[in-house]
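Peer 1: Numbering (the working numbering), first residue to last: 718 to 1156. We put the CB at the ideal spot given by N, CA and C, even for glycine. Sending over a structure as structure tokens; questions will come in a sec.
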């Protein structure tokens, strides 16, 4: 039996165990790595970091933080029963050692496991994770080099926005053979109709009515199957393919919104994500205006979503583009607010209409009135600036009730349904006996 199935029993203060999690510690991992490399085993290493753990630890106390670490370790054990070794390597980091494994597939399993809430100190807490992957497939790997590669990949995953994974490669992205093959396939994906839009509903928390939907890009390749957006979006961005793909997304979303209105269905505001590269394109606002005219959709029923970092980078050009879109009547939203660079005061300067609170903050919504709630503060501050607030990642009825009580405007998340293909969403809208907005 391997180490994951037959660990010897130790006292919690054993030099081979991590005190916080009760798992094998960094020293034990080093020993197992060294032994495997000596035997020439094909090893893979996942470094896992809990996103925003410090905020939870500060808000709920160290005892709750330690409880969360133990629960996270247990969940990893359940999700990865075939791991050679699962270790707590200090702070809020875990390491997983694997043999002959598809690291990307294993990493996706971990991300899915962390999509469910933890029960910590009597309340539900949502914690995502960032994952860095490395393997002995890279040349010249010793223990320290493999750890360095995994740490580098982990930092890349965190820099990309957290709640994701990154595979280390000795090649820059533009020289990565797999990336080149994927880029070539992506170039053909639009013309071969392999790209699809799925729509996740946005619900008015006060009335329960469906008032919007976010368009999310999906790629189903005939041989590769469903390709994760975390894998192909960075390639599209780097190669410049994101520009024609982004225009296709905008055109399709506008067409869908217009067709629903022509069919007499409830008017929904369709939200489309813009990439940093798209925002830097000259004439973007004019092109979106042209697509709206061609598609027959009133600009009031379109929203564009951008991240904080996009707004901060090249602020003058980005602001001019977004101000032009606002002038047309298009709504502008900051996506994943609270995970980027801007402070609350900086929000006053941004050309936005909507703040979308990142799902990582939703676990904070249940903080007692006497405690500081970042979610409550964000909602109140945004409303003081006359901005609308959307809460992402709502998964429980309790979260919906609390957010409604705190006067959050809209909600989005699995409580209201997963992202749906356009035909399925149309069926849902037809089944809703909602009055048509005559605005």
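Roughly how far, in whole angstroms, is the beta-carbon of residue 767 from the beta-carbon of residue 846, given that I think they are within contact range, below 8 Å?
Peer 2: 5 Å between Cβ atoms; contact.
Peer 1: Looking only at C-alpha atoms, which of 1100, 1076, 1115 and 1102 sits nearest to residue 1109?
Peer 2: It is 1076.
Peer 1: Could you work out which residue in 770, 927, 793 and 1073 is closest to residue 1099 when comparing CA atoms only?
Peer 2: For residue 1099, the nearest C-alpha among the options comes from 1073.
Peer 1: Per DSSP, which one or two residues make a beta bridge with residue 1024?
Peer 2: Answer is 1052, bridged to residue 1024.
Peer 1: Please report the straight-line C-alpha distance between residue 759 and residue 864, rounded to a whole angstrom.
Peer 2: Going by the C-alpha atoms only, they are around 15 Å apart.
Peer 1: Given a threshold of 16 other Cβ atoms within 10 Å of its Cβ, counted over all protein chains shown, does residue 1010 qualify as buried or as exposed?
Peer 2: The residue in question, residue 1010, is exposed, as its Cβ has fewer than 16 Cβ neighbours within 10 Å.
Peer 1: Compare the beta carbon distance of residue 912 and residue 971 with 8 Å and say whether it is the shorter of the two.
Peer 2: Contact flag unset, no.
Peer 1: Evaluate contact between the segment 1013-1029 and the segment 972-987, counting only Cβ atoms and requiring at least three cross-stretch pairs below 8 Å.
Peer 2: In short, these stretches touch, since the Cβ pair count reaches three.
Peer 1: Alpha carbon to alpha carbon, how far is residue 900 from residue 798? Give it in angstroms, no decimals.
Peer 2: About 34 Å.
Peer 1: For residue 914, count neighbouring C-beta atoms within 10 Å of its own C-beta (all shown protein chains included) and say buried if the count is 16 or more, exposed if not.
Peer 2: That one is buried.
Peer 1: Express the C-alpha separation of residue 770 and residue 809 in angstroms, rounding to a whole number.
Peer 2: Their backbone Cα atoms lie some 7 Å apart in a straight line.
Peer 1: In this structure, does DSSP put residue 992 in helix, strand or coil?
Peer 2: In the structure shown, residue 992 sits in coil (DSSP, three-state: anything other than H, G, I, E or B).
Peer 1: Quick one: what does DSSP say residue 659 is sitting in, helix, strand or coil?
Peer 2: The structure shown does not extend to residue 659, since the chain spans only 718 to 1156, so no value can be given for it.
Peer 1: Can you tell me which residues form a DSSP beta bridge with residue 764?
Peer 2: According to DSSP, which records beta bridges pairwise, residue 764 is partnered with 812 and 849.
Peer 1: Can you confirm whether the segment 734-744 touches the segment 777-793 when touching is taken to mean that 3 or more C-beta pairs between the two stretches lie within less than 8 Å?
Peer 2: Taking 8 Å as the limit for Cβ pairs, the verdict is that the segment 734-744 does touch the segment 777-793.
Peer 1: Quick check: the Cα distance between residue 996 and residue 967, rounded to an integer number of angstroms?
Peer 2: Approximately 13 Å, taken between the alpha carbons.
Peer 1: Suppose you measure from the CA of residue 833 to the CA of residue 881; what does that come to, to the nearest Å?
Peer 2: Near 15 Å, if we compare the C-alpha coordinates of residue 881 and residue 833.
Peer 1: Pull up the distance between the alpha-carbon of residue 803 and that of residue 1046, whole angstroms please.
Peer 2: Spanning the two alpha carbons is a distance of roughly 52 Å.
Peer 1: Taking C-alpha atoms, which residue in 755, 838, 762 and 826 lies nearest to residue 774?
Peer 2: Of the listed residues, the one whose Cα sits closest to residue 774 is 838.
Peer 1: By the 10 Å Cβ neighbour count, where 16 or more other Cβ atoms means buried, how is residue 1131 classified, buried or exposed?
Peer 2: Classification for residue 1131: exposed.
Peer 1: Which residues mark the beginning and the end of the alpha helix (DSSP H) in which residue 782 is found?
Peer 2: First-last of the alpha helix (DSSP H) with residue 782: 779-796.
Peer 1: Relative to the C-alpha of residue 1044, which residue among 1111, 1070, 1133 and 909 is closest?
Peer 2: Minimum Cα distance to residue 1044 is reached at 1070.
Peer 1: Would you call the segment 952-960 and the segment 1118-1136 touching, i.e. three or more CB-CB distances under 8 Å?
Peer 2: At 8 Å Cβ cutoff, the stretches do not touch.
Peer 1: Compare the Cα-Cα distances from residue 936 to each of 909, 1107 and 1032 and report the closest residue.
Peer 2: It is 909 whose Cα lies nearest to the Cα of residue 936.
Peer 1: Taking only the alpha-carbon atoms, compute the straight-line gap between residue 806 and residue 754 and give it to the nearest angstrom.
Peer 2: Cα to Cα, the separation comes out at about 19 Å.
Peer 1: Within 10 angstroms of its Cβ, does residue 866 collect 16 or more other Cβ (buried), or is it exposed?
Peer 2: Answer is buried; the Cβ neighbour count reaches 16.
Peer 1: How would you call residue 1052, buried or exposed, if buried means at least 16 neighbouring beta carbons within 10 angstroms?
Peer 2: With 16 or more other Cβ atoms within 10 Å, it is buried.
Peer 1: Using only the alpha-carbon positions, how far apart do residue 884 and residue 1148 sit?
Peer 2: Roughly 43 Å between the two C-alpha positions.
Peer 1: Which residues in the same chain as residue 844 place their Cβ atom closer than 8 Å to its Cβ, once the five residues preceding and following it in sequence are excluded?
Peer 2: Correct list, in chain order: 767, 768, 769, 770, 773, 785, 789, 831, 835, 1077 and 1080.
Peer 1: Does DSSP put residue 734 in a helix, in a strand, or in coil?
Peer 2: If DSSP states are grouped into helix, strand and coil, residue 734 belongs with the strands.
Peer 1: From which residue to which residue does the alpha helix (DSSP H) around residue 753 run?
Peer 2: Counting along the chain, the alpha helix (DSSP H) containing residue 753 begins and ends at 743-755.
Peer 1: Could you name the residues of the same chain whose beta carbon sits closer than 7 Å to that of residue 938, not counting the 5 residues immediately before and after it, in chain order?
Peer 2: Answer for residue 938: 902, 911 and 944, listed in chain order.
Peer 1: Is it right to say residue 1114 is buried, meaning 16 or more other beta carbons lie within 10 angstroms of its own, or is it exposed?
Peer 2: Residue 1114 is exposed by the Cβ-count criterion.
Peer 1: Measure the C-alpha to C-alpha separation of residue 746 and residue 875 and round it to an integer number of angstroms.
Peer 2: Rounded to the nearest angstrom, the two C-alpha atoms are 23 Å apart.
Peer 1: Under a three-way DSSP split, which group does residue 1078 fall into?
Peer 2: Looking at residue 1078 - three-state DSSP - the assignment turns out to be helix.
Peer 1: Name the DSSP bridge partner or partners of residue 913?
Peer 2: Answer by DSSP bridge pairing, in chain order: 935.
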